[in-house]
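> In UniProt numbering, the protein residues as written are 1 to 97. Note that the Cβ used here is the ideal one computed from N, Cα and C, for glycine as well. Everything numeric in this text was worked out from a predicted model, so none of it was measured. Structure in structure tokens, see below.
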Amino acid sequence: MAFNVSCSPGSDAAAAFMRVTPQLPALVLYLDPVNLAIQVPPFPGGDLVLAKFCRELAREAAKLAAEIDPDGEPAPPERRPRHLLVTGDDGDSGGGY
């Protein structure tokens with residue numbers, strides 16, 4: 001089945017992993033008010049196709065979030081402090097901490 005959809009998330013939008021049945025996992029997008037379920041394709045290896053798609057979706061969604069809300073992103077690893085100086089009461093680094 002092929003179709004194109006354009007949606008915008010409402011204020012109560014959410015996403016969730018769920019199991020429709022014990023053998024049928026799905027990614028559900030609750031877009032407020034539209035709901036969309038993405039399920040395993042019904043062919044051999046469909047579970048791997050869905051896993052690959054979900055990983056790509058996660059990467060691309062993270063890029064979009066960083067683009068539209070860069071202040072909501074954690075600092076990249078190269079910007080984080082690499083060392084921590086633990087000081088004692090004298091202002092020097094305390095041994096044995």
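For a minimum of 3 consecutive residues, which ranges assigned as the beta strand (DSSP E) are wholly contained in the segment 17–46?
List check, beta strand (DSSP E) in window: 24–30, 35–39.
> Express the C-alpha separation of P74 and residue 100 in angstroms, rounding to a whole number.
Within the shown structure, residues of the chain are numbered from 1 to 97, placing residue 100 beyond reach of any answer.
> Could you compute how far the alpha carbon of V40 sits from the alpha carbon of L57?
Mapped onto the sequence shown, residue 40 falls at position 40. Mapped onto the sequence shown, residue 57 falls at position 57. When rounded, the distance between both Cα atoms is 15 Å.
> If we ignore side chains and look at the alpha-carbon of each, how far apart do C54 and F17 end up?
The residue given as residue 54 occupies position 54 in the sequence shown. The residue given as residue 17 occupies position 17 in the sequence shown. Approximately 11 Å between the Cα atoms of the pair.
> A15 by DSSP, collapsed to three states: which one?
Within the sequence shown, numbered from 1, the residue matching residue 15 stands at position 15. Residue state, collapsed to three classes: strand.
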